[in-house]
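In the numbering used here, the protein residues as written are 324 to 561.
First up is the structure itself, then whatever we jot down about it.
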């Protein structure tokens, strides 16, 4: 029995970098926060590096999907097309939240991402909550979504997501949120972040006149949720 020898294959551009496997290459990216610029590199056979782009904040996760590169930076999920260098913001969380992990179901072309406490799926430009009970490092494998959280010491596999997700998306398209729905969520002790996520991903018809706002406040609806309701109605009118 022998432990064998460790050999250096390639020197990375800097310390604390993330690595993701692509189809014919590796993606290497800066995750350390104490840098002024953070780059995404491709590593090809023979140790050849190619810098794709630089951004101002750490890149937390990278995954390949068809001809696109998906990556998270802060609270936002982006797509990058290497052919025409087009960069798009796909969706975002609240400003104080961070997208830590991304994965893709290649069969259904479904994107999943996670914060430290919630797992989401992307539907067009909106997001659908898969679970608000936990978050972590996610991978889609063998028709199931695997969630790993090393700090809380659990590994969970979720099956049958796409069928439930399609049902939830259909409900969302037919469902219109009102002030009453928001009050029920508050009484059910849902977090403000979760309520705001639901507001931002649903059809809405809120009453935002002064009396209604006072009533909402008296029902313990926070000022952050009330502001999200107002913004949703403004966006609806555009």
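Note that beta-carbon positions come from the ideal geometry of N, C-alpha and C, so glycine has one too.
Keep in mind it's a predicted model, so treat the numbers as computed, not measured.
Close Cβ partners of residue i (< 6 Å) along its chain, the five nearest in sequence each way excluded
i           : result
residue 355 : 339
residue 399 : 412 and 415
residue 500 : 525 and 527
residue 373 : 365
residue 351 : 340, 342, 364 and 366
residue 555 : 522 and 527
Expected contact under 8 Å - CB spacing of residue i and residue j to nearest Å
i           : j           : result
residue 382 : residue 341 : 7 Å
residue 388 : residue 427 : 5 Å
residue 417 : residue 406 : Going by Cβ atoms, the distance from residue 417 to residue 406 rounds to 33 Å, so no, they are not a contact pair.
residue 484 : residue 453 : 7 Å
residue 482 : residue 466 : 7 Å
Inter-residue Cα distance where the pair is residue i and residue j
i           : j           : result
residue 463 : residue 530 : 41 Å
residue 385 : residue 424 : 8 Å
residue 433 : residue 349 : 22 Å
residue 331 : residue 353 : 20 Å
residue 539 : residue 512 : 15 Å
residue 480 : residue 450 : 20 Å
residue 557 : residue 403 : 30 Å
residue 489 : residue 336 : 42 Å
residue 503 : residue 560 : 21 Å
residue 361 : residue 376 : 8 Å
residue 534 : residue 541 : 11 Å
residue 431 : residue 507 : 34 Å
residue 445 : residue 408 : 22 Å
residue 328 : residue 514 : 51 Å
residue 324 : residue 470 : Only weak support is given to the placement of residue 324: the predicted model assigns it a pLDDT of 48, under 50, and the value that follows is read from those uncertain coordinates. Between residue 324 and residue 470, the C-alpha separation is close to 34 Å.
residue 347 : residue 429 : 16 Å
residue 456 : residue 435 : 16 Å
residue 532 : residue 419 : 28 Å
residue 537 : residue 498 : 25 Å
Spatial neighbours of residue i in its chain, beta-carbon cut-off 8 Å, leaving aside the 5 residues before and after
i           : result
residue 562 : Nothing about residue 562 can be reported from this structure: the residues present for the chain run from 324 to 561 only.
residue 551 : 518, 519, 522 and 523
residue 505 : 518, 522, 529, 539, 544, 548 and 552
Cross-strand partners of residue i (DSSP beta bridge)
i           : result
residue 560 : Paired residues: none, contrary to the question.
residue 476 : According to DSSP, residue 476 bridges with nothing at all.
residue 364 : 351 and 374
residue 450 : 445
residue 340 : 353
residue 562 : Any question about residue 562 goes unanswered here, given that the chain covers just 324 to 561.
residue 486 : Answer by DSSP bridge pairing: none, since residue 486 is not bridged.
residue 404 : 409
residue 395 : 384 and 400
residue 526 : 499
Own chain, CB closer than 7 Å to residue i, minus 5 neighbours either side, in chain order
i           : result
residue 543 : 509
residue 421 : 383, 397, 398 and 438
residue 370 : 333
residue 378 : 361 and 396
Given residue i as reference, the closest of the options once Cα atoms are compared
i           : options               : result
residue 476 : 487, 488, 485 and 460 : 460
residue 474 : 554, 555 and 458      : 458
residue 517 : 333, 560, 375 and 545 : 545
residue 368 : 333, 515, 361 and 360 : 333
residue 487 : 478, 329, 335 and 468 : 468
Heavy atom of the ligand NAP within 7 Å of residue i beta-carbon
i           : result
residue 449 : Absent from the structure shown: the ligand NAP. Ligands present: none.
Min CB distance residue i to chain C below 8 Å
i           : result
residue 545 : Structure shown: chain C not included; a single protein chain is present.
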